[in-house]
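Worksheet for the structure shown next.
2 protein chains.
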Amino acid sequence: MARDRVRPSAEALAKLPVALDAMGGDKAPADIVAGARRAADDGVPVVLVGPPALVGDTFGLDLVECTEVIEMAEDPTAGVRRKKDSSLVRAAELVRDGKASAMVSAGNTGATMASALLRMGRLPKVTRPCIATPMPRPGRPPAVLVDSGANAECTMLVQFAQMGSVFSAERYGCADPATALLSIGEEPSKGTPLVKETHALLEAGVRGVRFIGNLEGRELLGSPADVIVADGFTGNVALKTAEGALRFAMRLVLDVLAHDEETKAAGDVLLPHLLAAAGELDPESTGGAMLLGVDGVCVIGHGSSSAVAIANALRMAYDLATADLSGRLARLTAGD
Amino acid sequence: MARDRVRPSAEALAKLPVALDAMGGDKAPADIVAGARRAADDGVPVVLVGPPALVGDTFGLDLVECTEVIEMAEDPTAGVRRKKDSSLVRAAELVRDGKASAMVSAGNTGATMASALLRMGRLPKVTRPCIATPMPRPGRPPAVLVDSGANAECTMLVQFAQMGSVFSAERYGCADPATALLSIGEEPSKGTPLVKETHALLEAGVRGVRFIGNLEGRELLGSPADVIVADGFTGNVALKTAEGALRFAMRLVLDVLAHDEETKAAGDVLLPHLLAAAGELDPESTGGAMLLGVDGVCVIGHGSSSAVAIANALRMAYDLATADLSGRLARLTAGD
Chain D
20 MARDRVRPSA EALAKLPVAL DAMGGDKAPA DIVAGARRAA DDGVPVVLVG PPALVGDTFG
80 LDLVECTEVI EMAEDPTAGV RRKKDSSLVR AAELVRDGKA SAMVSAGNTG ATMASALLRM
140 GRLPKVTRPC IATPMPRPGR PPAVLVDSGA NAECTMLVQF AQMGSVFSAE RYGCADPATA
200 LLSIGEEPSK GTPLVKETHA LLEAGVRGVR FIGNLEGREL LGSPADVIVA DGFTGNVALK
260 TAEGALRFAM RLVLDVLAHD EETKAAGDVL LPHLLAAAGE LDPESTGGAM LLGVDGVCVI
320 GHGSSSAVAI ANALRMAYDL ATADLSGRLA RLTAGD
Chain Z
20 MARDRVRPSA EALAKLPVAL DAMGGDKAPA DIVAGARRAA DDGVPVVLVG PPALVGDTFG
80 LDLVECTEVI EMAEDPTAGV RRKKDSSLVR AAELVRDGKA SAMVSAGNTG ATMASALLRM
140 GRLPKVTRPC IATPMPRPGR PPAVLVDSGA NAECTMLVQF AQMGSVFSAE RYGCADPATA
200 LLSIGEEPSK GTPLVKETHA LLEAGVRGVR FIGNLEGREL LGSPADVIVA DGFTGNVALK
260 TAEGALRFAM RLVLDVLAHD EETKAAGDVL LPHLLAAAGE LDPESTGGAM LLGVDGVCVI
320 GHGSSSAVAI ANALRMAYDL ATADLSGRLA RLTAGD
């Protein structure tokens with residue numbers, strides 16, 4: 020199955036569609052296809068990938084047919100190895116073969132990573148791809164958490180810092196983004212051996228990275244750093260803890276609003292404002308997470324992605340592919 | 020400085036005071052001494068430890084005099100090694116020498132751990148002490164996160180599960196507490212090598228631990244498990260992330276309340292209820308974190324501890340010491 024990566028010219032890239040796994044996500048295919056239609060209406064070329072009988076109405080969009088689907092709960096590596104004609108594997112092949120500019124899936128995250136990695140391959144000199152997830156900062160562009168879960172075990176974090184910096188600049192317009200290392204104290208002596216070693220390397224100077232020191236978990240939301248670097252285990256625990264805590268707080272507030280007639284009346288006034296504030300935090304409004312370090316653009320949507328989230332993810336994938344994100348990443352990590 | 024640990028009888032223990040580091044905490048000594056007075060009025064015997072000139076008015080409480088203070092930002096191990104006549108080291112020695120039932124400090128956490136470890140020693144067969152921190156569960160007793168920061172690097176988590184279970188039962192009355200392992204997915208195959216190995220060991224059965232599987236960060240607050248096990252790095256990042264996210268959410272809500280005249284009026288109705296709900300989450304209302312695995316009771320208060328928090332911490336330390344928590348821990352980890 021290993022074939023050469025086909026690289027379209029910049030002009031050709033802008034005309035290529037983004038390949039969307041029509042069967043990925045809790046609300047697939049209905050909301051996924053609806054999101055694709057929305058993005059297409061907004062000028063993003065899209066091609067759906069999936070089994071025609073399962074996808075159903077494509078609302079006028081092109082469909083690349085396949086016969087299999089990797090389920091949400093399926094073992095990622097085994098799924099990708101066995102289901103060579105699945106929507107995820109086919110989407111990754113469209114990018115590899117120069118027939119799509121990027122791929123998007125809100126399905127099985129592990130299988131999305133495995134498909135992209137096995138079919139597109141890694142960028143030269145990138146040891147391990149990582150997932151960059153936007154962390155909300157009200158009134159400012161999101162910070163980026165790398166790695167938020169691609170690697171449960173990491174032996175080097177410096178490339179994550181480099182790739183996260185390119186992504187922050189390209190995607191969120193942070194010029195010369197500030198990078199911090201997630202740890203358990205500000206002092207360089209704090210943390211695991213990997214964190215301490217990474218601190219020393221970043222402090223000594225790494226190309227493309229402006230290091231501002233360690234950052235503690237309490238600053239993960241509203242972060243002073245534009246890029247937050249962690250191993251994938253810690254990053255994933257922290258990301259989910261932050262999500263869970265915000266949801267927990269939201270439930271507490273809703274409980275307070277439901278307390279009695281008086282609080283309900285006050286709630287009627289506040290609820291629209293609260294929902295607007297919560298909406299700004301919604302990870303889906305930012306378009307999704309990004310797999311950095313594979314040879315192509317791969318955007319990973321939240322499993323619960325709505326049509327709006329999918330449309331945002333497709334726009335993000337298209338913009339990053341046409342801006343040659345992969346090329347920029349490759350030049351930085353290769354040291355050219 | 021190594022001397023034999025003196026073990027008072029159960030009756031003697033109940034009459035011994037809890038040794039309180041009068042100089043530990045952001046609000047020391049005023050709020051610390053006020054908290055001690057409060058606890059003493061509530062029937063908890065307390066002895067203050069600190070330099071008389073710095074402590075000032077003891078409000079009628081006994082003071083064990085010393086000449087030094089380990090500052091909040093000071094290097095813990097060096098501080099304990101150099102400042103042998105500091106309030107922290109002296110407090111730990113009072114426990115070792117059978118002159119206090121327990122020690123409490125809201126000062127330098129690392130130095131508190133080091134003092135307790137070096138002066139009281141470890142319980143037999145305990146590889147590494149760990150910090151147990153209560154995690155709020157509205158309407159239920161808190162869950163316990165072990166280790167929340169004693170060890171940046173861990174090679175075994177099973178004893179944390181055992182000690183956390185004893186603590187949950189003893190402190191929060193959770194009969195047969197349910198224990199979960201903090202990871203990045205429910206499957207046993209998820210996580211770091213240490214997490215996977217620990218999962219296998221707990222699954223196979225460990226004395227005193229009822230294992231219910233992995234738990235993700237999003238369930239850290241309102242946890243279905245009574246005991247949540249993590250290495251100290253991950254646990255500390257998760258704890259601070261949860262604290263930070265709750266504070267972040269609180270700021271958002273306050274911003275919404277301040278939006279305009281109408282929301283301010285609604286806020287007047289809701290604020291007392293919101294503050295009550297937030298108060299339930301306040302880590303200080305639960306009395307503080309606990310160092311498990313040293314040969315004695317050592318309670319670690321939050322740096323920002325108020326007088327109420329200190330009084331709660333003293334009550335907690337006294338109750339656990341008189342209930343012979345250390346003896347129970349020692350019997351379980353020793354396998355007797």
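Chains as they are written, first to last, in our numbering: chain D, 20 to 355; chain Z, 20 to 355. Glycine included, every Cβ here is placed at the ideal spot set by N, Cα and C. Only a predicted model underlies this, so the values are computations on that prediction, with no experimental measurement involved.
From the DSSP output, in three-state form, read off residue i for me.
| i | result |
| --- | --- |
| residue 2/D | The question about residue 2/D has no answer here: the residues shown for chain D are numbered 20 through 355. |
| residue 275/D | helix |
| residue 233/D | strand |
| residue 175/Z | coil |
| residue 210/D | coil |
| residue 40/D | strand |
| residue 133/D | helix |
| residue 285/D | helix |
| residue 203/Z | coil |
| residue 70/D | coil |
| residue 91/Z | coil |
| residue 310/D | strand |
| residue 196/D | coil |
| residue 128/Z | helix |
| residue 250/D | coil |
| residue 50/Z | helix |
| residue 157/D | coil |
| residue 57/D | helix |
| residue 121/Z | strand |
| residue 225/Z | coil |
| residue 101/D | helix |
| residue 63/Z | coil |
Closest to residue i by CA distance: which of the options is it?
| i | options | result |
| --- | --- | --- |
| residue 237/Z | 227/Z, 250/Z and 200/Z | 200/Z |
| residue 142/Z | 298/Z, 53/Z and 317/Z | 317/Z |
| residue 183/D | 62/D, 232/D and 228/D | 228/D |
| residue 32/Z | 128/Z, 284/Z, 118/Z and 56/Z | 118/Z |
| residue 115/Z | 134/Z, 285/Z, 248/Z and 218/Z | 134/Z |
| residue 274/D | 294/Z, 152/Z, 217/Z and 189/Z | 294/Z |
| residue 323/D | 43/D, 111/D and 36/D | 43/D |
| residue 260/Z | 270/D, 132/D, 86/D and 241/D | 241/D |
| residue 130/D | 101/D, 346/D, 144/D and 157/D | 101/D |
| residue 53/Z | 352/Z, 332/Z and 351/Z | 332/Z |
| residue 177/Z | 156/Z, 202/Z, 158/Z and 214/Z | 214/Z |
| residue 351/D | 282/D, 51/D, 41/D and 225/D | 225/D |
| residue 120/Z | 204/Z, 347/Z and 343/Z | 343/Z |
| residue 198/Z | 175/Z, 205/Z, 216/Z and 234/Z | 234/Z |
Rounded to whole angstroms, what is the Cα-Cα separation between residue i and residue j?
| i | j | result |
| --- | --- | --- |
| residue 79/Z | residue 58/Z | 13 Å |
| residue 24/D | residue 239/D | 37 Å |
| residue 68/D | residue 88/D | 10 Å |
| residue 93/Z | residue 127/Z | 8 Å |
| residue 315/Z | residue 60/Z | 24 Å |
| residue 30/D | residue 341/D | 9 Å |
| residue 136/D | residue 106/Z | 57 Å |
| residue 83/Z | residue 113/Z | 9 Å |
| residue 167/D | residue 140/D | 20 Å |
| residue 370/D | residue 185/D | Nothing about residue 370/D can be read from this structure; chain D reaches only from 20 to 355. |
| residue 123/D | residue 181/Z | 44 Å |
| residue 70/D | residue 280/Z | 55 Å |
| residue 291/Z | residue 90/D | 47 Å |
| residue 265/Z | residue 264/D | 6 Å |
| residue 99/D | residue 48/D | 20 Å |
| residue 37/Z | residue 157/Z | 29 Å |
| residue 271/Z | residue 269/D | 11 Å |
| residue 299/D | residue 154/D | 11 Å |
Indicate whether the contact test is met: 3 or more Cβ pairs, each with one atom in the stretch 335 to 348 of chain D and one in the stretch 62 to 81 of chain Z, closer than 8 Å. no
Between the stretch 257 to 276 of chain Z and chain D, which residues of the former have a C-beta closer than 9 Å to a C-beta of the latter? 257, 258, 259, 260, 261, 262, 263, 264, 265, 266, 267, 268, 269, 270, 271, 272, 274, 275 and 276
At least 3 beta-carbon pairs within less than 8 Å: the stretch 218 to 233 of chain D vs the stretch 146 to 166 of chain D: no
Could you run through the stretch 210 to 242 of chain Z and flag, in chain order, every residue whose CB is less than 7 Å away from some CB of chain D? 210, 211, 212, 235, 236, 237, 238, 239, 240 and 241
Segment contact, 8 Å Cβ cut-off, at least three pairs: the stretch 184 to 195 of chain Z with the stretch 161 to 168 of chain Z: yes
Using 8 Å as the threshold, is the stretch 209 to 219 of chain D in touch with the stretch 168 to 180 of chain Z, meaning 3 or more CB pairs across them? yes
What are the residues in the stretch 283 to 310 of chain Z lying within 9 Å of chain D by C-beta distance? 284, 285, 286, 287, 288, 289, 292, 293, 295, 296, 297, 299 and 300
If the cut-off is 7 Å on Cβ atoms, which residues from the stretch 241 to 255 of chain D count as contacting chain Z, listed in chain order? 241, 252, 253 and 255
Below 8 Å between beta carbons is the criterion; list the residues of the stretch 153 to 179 of chain Z that meet it against any residue of chain C, in chain order. Reference to chain C is not applicable here, since the protein chains of this structure are D and Z.
Chain-ordered residues of the stretch 105 to 120 of chain D with a beta carbon less than 8 Å from chain Z: none
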